[in-house]
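A.B. asks: Mind having a look at this structure? Questions to follow.
Number of protein chains: 2
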Amino acid sequence: MLSALDLARRIEAGDLTPAAVIDLCAAAIAAREGDVGAFAALDVESARRQAQAAGLGARPLHGLPVGVKDIFDTVDFPTEFGTPIYAGNRPRGDAALVALIRRAGGIVLGKTVSTELAFLNPGKTRNPHDLGRSPGGSSSGSAAGVAAGMLPIAVGSQTGGSIIRPASYCGVAALKPSYRLLPTAGMKHFAVYLDTAGVFAAGVADVAFAAAAITGRDLRIDRTEADAPRIGLARSNVWGEASADMQTAVETAAKRAQAAGAQLVEPAWPAALTEAYHAHGVIQDYEAFRTLAFEYDRHRNRLSPILRDMLDKAAHVSADAYDAARRITKRARQVLADLMADIDVLLTPSAPSAAPAPETTGPATFNRLWTLMGTPCVNVPGLADTAGLPLGVQVVGRFGRDREALLAARFVEGALAGVK
Amino acid sequence: MLSALDLARRIEAGDLTPAAVIDLCAAAIAAREGDVGAFAALDVESARRQAQAAGLGARPLHGLPVGVKDIFDTVDFPTEFGTPIYAGNRPRGDAALVALIRRAGGIVLGKTVSTELAFLNPGKTRNPHDLGRSPGGSSSGSAAGVAAGMLPIAVGSQTGGSIIRPASYCGVAALKPSYRLLPTAGMKHFAVYLDTAGVFAAGVADVAFAAAAITGRDLRIDRTEADAPRIGLARSNVWGEASADMQTAVETAAKRAQAAGAQLVEPAWPAALTEAYHAHGVIQDYEAFRTLAFEYDRHRNRLSPILRDMLDKAAHVSADAYDAARRITKRARQVLADLMADIDVLLTPSAPSAAPAPETTGPATFNRLWTLMGTPCVNVPGLADTAGLPLGVQVVGRFGRDREALLAARFVEGALAGVK
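Chains as they are written, first to last, in my numbering: chain V, 429 to 848; chain F, 429 to 848.
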């Protein structure tokens with residue numbers, strides 16, 4: 429994989445040019461894209477031209493190429509949202525996140541494959557670790573593109589588990605930041621209350637570098653010696669749905685972090701969080717039926733059966749049920765804040781298991797609660813199941829404390845280095 | 429003006445057809461649009477064809493025509509956001525709100541004029557009550573189109589004061605509902621944390637009818653006998669910026685409501701709300717500099733001086749200042765909820781005065797705090813200044829209690845009926 433931070437440092441030092449990084453990506457794309465299919469659209473020649481811009485190497489992203497999930501508007505690429513309904517759609521402007529990437533000196537190398545309208549119906553992308561398996565979704569191409577070494581940075585989005593789950597399956601780091609840390613204007617929404625933009629890169633420090641460069645916020649962690657974090661092991665209400673290998677992975681991560689100096693506790697799981705877990709689907713369904721009203725009402729027969737069926741059912745979710753789910757959410761956020769008063773992060777699975785067969789993109793079981801809570805989540809790669817497929821562990825921080833979450837995730841990542 | 433509720437009832441009773449309503453609008457448009465300039469795009473013939481659809485009269489909006497502010501995507505009209513940067517832009521889908529209007533059996537008659545990117549630079553619209561005055565902004569065409577009798581319903585949006593202020597200037601009712609009651613997906617954003625979609629119509633019951641039909645929520649108030657509300661007169665931190673006529677209007681509304689049976693109190697104004705008032709600009713500026721990154725970075729010289737200057741300054745708002753403003757907001761929301769524990773609504777000016785000269789769209793002085801609080805606001809028309817120009821009074825409800833706010837607003841409206 430291409431380390432964004434390492435590339436940026438070499439550009440900063442004058443040992444590498446932005447154009448040479450495009451060449452690295454181009455070589456990986458030539459070797460892997462035919463198998464992996466991470467890109468919905470790609471323009472290497474345009475990227476090469478952009479890489480010649482004066483002063484690019486001195487800007488926050490140092491001219492690094494970025495892959496953008498194909499639900500964000502781009503003025504220079506088609507933006508098709510993973511559905512034939514929008515085939516050939518050419519927006520007149522960039523989404524805010526895309527414009528911020530360019531403002532920071534990033535080069536949009538291509539659009540990465542999204543599942544259909546960022547729901548569950550798979551796209552063409554395959555898992556770089558095993559082409560017979562799913563890369564996860566809905567940010568399939570962003571996770572796979574980084575995993576295959578074709579991109580140092582990619583952006584995606586999560587409404588249920590669309591960032592952390594594919595990162596886990598593909599063995600890359602990812603940050604689903606605090607709700608709205610990254611702007612969503614100009615993104616194709618699914619459920620506004622949940623939709624969160626995030627970042628994929630090779631390791632935790634790479635993700636932190638990219639998020640810092642795009643936002644201009646103090647999120648870099650590579651020049652800091654962090655204190656050992658206080659970690660809460662979260663055997664949540666869905667712990668039993670994790671595979672034996674995944675349970676072992678999380679417990680291994682916890683033990684290794686503890687051995688490296690972290691405080692480890694296992695707080696009781698509050699019933700309010702289990703209640704919020706179930707509220708997620710109510711909110712997602714109610715909003716999606718409205719957010720996708722145009723596609724459902726005008727193009728119903730061009731939707732996949734899985735999306736159409738979900739929306740058929742979502743039509744029956746009442747405003748009262750939705751409002752009740754919002755109240756449950758509000759209470760649960762306070763309960764979670766109280767739970768984490770003396771804990772920096774929670775440690776929990778990123779997904780139920782390693783990547784499934786390609787007919788599905790896997791379930792968001794271990795992600796939806798955290799999306800609803802709006803808290804920062806980091807996928808820490810480095811472990812594998814007995815078949816050798818990547819297993820990610822998830823570090824969940826406090827709302828608005830994204831840097832602390834990244835520091836703790838890097839601590840866990842470091843503690844796992846070398847573990848097989 | 430055309431009463432949406434009255435038209436809907438006549439269609440329901442079989443005394444009027446949706447096509448006949450289009451004819452009413454067309455006649456008003458022929459008479460007034462040349463002077464008023466409420467529409468950015470208009471298609472009466474398409475509306476006439478759509479009005480023939482079977483069963484339309486039985487649907488929630490009964491086939492009524494709706495004007496849509498030109499910052500919401502529409503698949504069948506250009507969507508230009510009030511700026512030449514997007515001249516001729518033709519979205520491939522409808523914004524969620526537009527799709528919900530059509531789903532409810534509304535007909536989009538045209539796009540209404542927005543100021544440039546929903547900020548302050550005026551469009552072509554003039555105030556129907558005095559063509560030498562501003563209609564207010566940024567939802568200029570929606571307010572003026574209803575005021576001129578060309579539309580029974582229009583939708584707009586508010587980030588500072590872009591719904592309630594033009595409604596006040598144009599003498600129409602309007603609802604800026606609780607944050608996110610109406611969906612914003614597919615709308616051109618300015619500051620996501622603040623951007624709120626809302627509705628204009630002739631009177632409060634008309635607005636409630638439209639909001640109920642579009643959302644499917646229990647918001648209608650026309651078949652209810654409401655209890656007299658508990659009203660808090662809010663001489664807020666900006667009370668001194670209201671003209672003598674506006675202060676008199678609000679006091680008159682308070683006294684009339686009290687005479688009609690309302691309880692009237694005047695709670696002390698909490699310092700936390702004054703603090704939040706000042707936080708609004710920090711949040712708006714910080715977000716706008718990011719939300720409009722594409723327009724600012726690529727088309728700076730096509731922005732108006734007033735928008736460009738704002739964004740130039742906004743570049744210097746720090747993330748720390750923004751985060752602090754968000755914390756101030758969170759605290760203020762709790763203070764406001766406590767303040768209103770025993771009050772149904774606050775009563776306060778909708779704008780500092782009647783409509784200003786057309787060089788500006790007027791200030792959002794009396795609106796920005798409530799947009800930030802996310803609470804429902806209703807402009808109640810019916811009063812006028814000494815020159816005879818409309819003055820609106822603003823009824824502010826509790827978050828999520830939009831129906832209660834509408835009921836109280838109707839009570840005030842009724843108490844004012846006949847007052848000159």
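No residue lacks a Cβ here, since even glycine has one placed at the ideal position from N, Cα and C. These numbers come from a predicted model, not from an experiment.
(1) Classify V/M390 as helix, strand or coil using the three-state DSSP reduction.
(2) Could you tell me which uninterrupted alpha helix (DSSP H) segments, each at least 4 residues in length, are contained entirely in the stretch 592 to 667 of chain V, listed from first to last along the chain?
(3) Grab me the residues of F/K848's own chain with a C-beta within less than 8 Å of its C-beta, minus the 5 sequence neighbours each way, in chain order.
(4) For V/C598 and V/P550, which I take to be in contact (beta-carbon distance under 8 Å), what is that distance rounded to the nearest angstrom?
(5) Could you work out which residues of chain C lie near V/R826, taking near to mean beta carbons separated by less than 9 Å?
(6) Along the chain, where does the beta strand (DSSP E) containing V/G810 start, and where does it finish?
(7) Do F/A479 and F/T502 come within 9 Å of each other at the CB atom, strictly closer than that value?
(8) What residue ranges within the stretch 493 to 569 of chain F form continuous alpha helix (DSSP H) runs of no fewer than 4 residues, ordered along the chain?
(9) Cα separation between V/A825 and F/A707?
(10) Assuming F/F722 is part of the alpha helix (DSSP H), what are its boundary residues?
(11) Mapping DSSP to helix, strand and coil, what is F/K848?
(12) Is there a C-beta anywhere in chain V that falls below 9 Å from the one on F/T702?
(13) Would you please verify whether the beta carbon of F/H617 is less than 9 Å from any beta carbon of chain V?
(14) Alpha carbon to alpha carbon, how far is F/A602 from V/L537?
(15) Does the Cβ of V/K864 have 16 or more other Cβ atoms within 10 Å, making it buried, or fewer, making it exposed?
(16) Taking F/V620 as the query, report the chain V residues whose CB atoms sit under 8 Å from its CB, ordered along the chain.
(17) Where V/P818 and V/A432 are concerned, what is the direct C-alpha to C-alpha distance, given to the nearest angstrom?
(18) So F/A716 and F/L800 are supposed to be a Cβ contact under 8 Å. How far apart are they, rounded?
(19) Less than 9 Å between the C-beta atoms of F/E775 and F/M768, yes or no?
(20) Counting along the chain, where does the alpha helix (DSSP H) carrying V/G379 start and finish?
(21) Starting from F/S474 and walking both ways along the alpha helix (DSSP H), at which residues does that stretch end?
(22) Applying the criterion that 16 or more other CB atoms from any shown protein chain within 10 Å of the CB defines a buried residue, is F/D522 buried or exposed?
(23) Got a sec? Which residues, its chain only, sit under 6 Å from V/L528 by beta carbon, not counting five neighbours each side?
(24) Of the choices F/F722, F/A749, F/Y750, whose alpha-carbon is the least far from that of V/R520?
(25) Spatial neighbours of V/L835 within its chain, please: C-beta separation below 6 Å, excluding the five flanking residues on both sides.
(26) Report buried or exposed for F/R838, applying the criterion of at least 16 other Cβ atoms within 10 angstroms of its Cβ.
(27) Let me know the secondary structure DSSP gives F/V773 once reduced to three states.
(28) Of all the options V/A524, V/Y621, V/G462, which has the alpha carbon lying nearest to the alpha carbon of F/A619?
(29) Quick one: which chain F residues come within Cβ less than 7 Å of V/E841?
(30) I want to verify the contact list: residues of chain V whose CB lies under 9 Å from the CB of F/A747, in sequence order.
(31) Can you pull the chain F neighbours of V/R520, defined as C-beta to C-beta under 7 Å?
(32) Can you tell me where the alpha helix (DSSP H) holding F/L489 begins and where it ends?
(33) Can you check whether the C-beta of F/E440 is within less than 9 Å of a C-beta belonging to chain V?
(34) Looking at chain F, is there any beta carbon in it that lies within less than 9 Å of the beta carbon of V/E723?
(35) How would you call V/A486, buried or exposed, if buried means at least 16 neighbouring beta carbons within 10 angstroms?
(36) Would you kindly check if the distance between the Cβ of F/A572 and the Cβ of F/V464 is under 9 Å?
C.D. replies: Answer, in terms of the structure:
(1) Residue coverage of chain V in this structure runs from 429 to 848, which leaves residue 390 of chain V outside it and unanswerable.
(2) Fully enclosed alpha helix (DSSP H) runs of 4 or longer: 592 to 598, 632 to 643.
(3) Walking along the second sequence from the start, residue 848 of chain F turns up at place 420. Reliability fails at F/K848, whose pLDDT of 43 lies under 50, so the model's placement of it is uncertain and the value that follows must be treated cautiously. Cβ within range, chain order: A812.
(4) The residue labelled residue 598 of chain V in the question sits at position 170 within the first sequence. The residue labelled residue 550 of chain V in the question sits at position 122 within the first sequence. About 14 Å separates the two Cβ atoms, so there is no contact after all.
(5) In the structure shown, chain C does not exist; the protein chains are V and F.
(6) Residue mapping note: residue 810 of chain V aligns to position 382 of the first sequence, counting from 1. Run containing V/G810: 805 to 812, per the beta strand (DSSP E) assignment.
(7) One-based indexing of the second sequence puts residue 502 of chain F at position 74. One-based indexing of the second sequence puts residue 479 of chain F at position 51. Not in contact: F/T502 and F/A479 (Cβ atoms no closer than 9 Å).
(8) If you keep only unbroken alpha helix (DSSP H) runs of at least 4 residues inside the stretch 493 to 569 of chain F, you get 524 to 531.
(9) Taking the first sequence and counting its residues from 1, one reaches residue 825 of chain V at position 397. Taking the second sequence and counting its residues from 1, one reaches residue 707 of chain F at position 279. This sequence places Gly at residue 825 of chain V; Ala is not what is there. Whole-angstrom Cα-Cα distance: 26 Å.
(10) On the second sequence, residue 722 of chain F is found 294 positions in, with the first residue counted as 1. Here the alpha helix (DSSP H) through F/F722 covers 721 to 726.
(11) Counting from 1 along the second sequence, the entry for residue 848 of chain F is found at position 420. For F/K848, the predicted model reports a pLDDT of 43, less than 50, meaning its position is unreliable and no value from the coordinates is stated.
(12) Residue 702 of chain F sits at position 274 when you count from the first residue of the second sequence. By this cut-off, F/T702 is not an interface position.
(13) If you number the second sequence from 1, residue 617 of chain F lands on position 189. Yes, contact with chain V.
(14) As a first step, residue 602 of chain F is located in the second sequence; it is residue number 174 there, counting from the start. As a first step, residue 537 of chain V is located in the first sequence; it is residue number 109 there, counting from the start. For F/A602 and V/L537, the distance between alpha carbons rounds to 45 Å.
(15) No statement about residue 864 of chain V is possible, as the shown extent of chain V runs from 429 to 848 and does not include it.
(16) For the purposes of this step, residue 620 of chain F is identified with residue 192 of the second sequence, where counting begins at 1. Result: R608, P611, T612, A613.
(17) Stepping through the first sequence from its first residue, residue 818 of chain V is reached at position 390. Stepping through the first sequence from its first residue, residue 432 of chain V is reached at position 4. Answer to the nearest angstrom: the Cα atoms are 20 Å apart.
(18) Walking along the second sequence from the start, residue 716 of chain F turns up at place 288. Walking along the second sequence from the start, residue 800 of chain F turns up at place 372. Their Cβ separation, rounded to whole angstroms, is 14 Å, which puts F/A716 and F/L800 out of contact at 8 Å.
(19) For the purposes of this step, residue 775 of chain F is taken as residue 347 along the second sequence, with counting starting at 1. For the purposes of this step, residue 768 of chain F is taken as residue 340 along the second sequence, with counting starting at 1. In the sequence under discussion, the amino acid at residue 775 of chain F is Leu, which differs from the Glu named in the question. No, they are not a contact pair.
(20) Absent from the structure is residue 379 of chain V, since the part of chain V shown begins at 429 and ends at 848.
(21) In the second sequence, the residue the question calls residue 474 of chain F occupies position 46. Note, F/S474: alpha helix (DSSP H), 472 to 478.
(22) Numbered from its first residue, the second sequence carries residue 522 of chain F at position 94. Under this definition F/D522 is a buried residue.
(23) In the first sequence, the residue the question calls residue 528 of chain V occupies position 100. By the criterion of a C-beta distance shorter than 6 Å, V/L528 is surrounded in its chain by I642, once the five residues flanking it on both sides are discounted.
(24) The sequence position of residue 520 of chain V within the first sequence is 92, counting from 1. Minimum Cα-Cα distance from V/R520 among the listed residues F/F722, F/A749, F/Y750 corresponds to F/F722.
(25) If you number the first sequence from 1, residue 835 of chain V lands on position 407. Excluding residues within five positions, the ones whose Cβ falls inside 6 Å are I649, A654.
(26) Counted from its first residue, the second sequence places residue 838 of chain F at position 410. Buried is the label assigned to F/R838, since at least 16 other Cβ atoms lie within 10 Å of its Cβ.
(27) On the second sequence, residue 773 of chain F is found 345 positions in, with the first residue counted as 1. In the structure shown, F/V773 falls within a strand segment according to DSSP collapsed to helix, strand and coil.
(28) Position 191 of the second sequence holds residue 619 of chain F. The residue with the shortest Cα to Cα distance from F/A619 is V/A524.
(29) By 1-based counting over the first sequence, the position of residue 841 of chain V is 413. Correct list: empty, because the minimum Cβ distance to chain F is about 25 Å.
(30) Locating residue 747 of chain F in the second sequence gives position 319, counting from the first residue. Simply T643, G644, R645, D646.
(31) On the first sequence, residue 520 of chain V is found 92 positions in, with the first residue counted as 1. Those are Y514, N517, listed as they occur along chain F.
(32) Along the second sequence, one-based indexing puts residue 489 of chain F at 61. Element bounds for F/L489: n/a, residue is neither H nor E.
(33) On the second sequence, residue 440 of chain F is found 12 positions in, with the first residue counted as 1. Residue contact with chain V for F/E440: absent (no Cβ-Cβ distance below 9 Å to any residue of chain V).
(34) Residue mapping note: residue 723 of chain V aligns to position 295 of the first sequence, counting from 1. With 9 Å as the cut-off, V/E723 counts as an interface residue toward chain F.
(35) Walking along the first sequence from the start, residue 486 of chain V turns up at place 58. Of the other Cβ atoms in all chains shown, fewer than 16 fall within 10 Å of the Cβ of V/A486; this residue is therefore exposed.
(36) In the second sequence, counting from the first residue as 1, residue 464 of chain F sits at position 36. In the second sequence, counting from the first residue as 1, residue 572 of chain F sits at position 144. Yes, Cβ-Cβ distance for F/V464 and F/A572 is below 9 Å.
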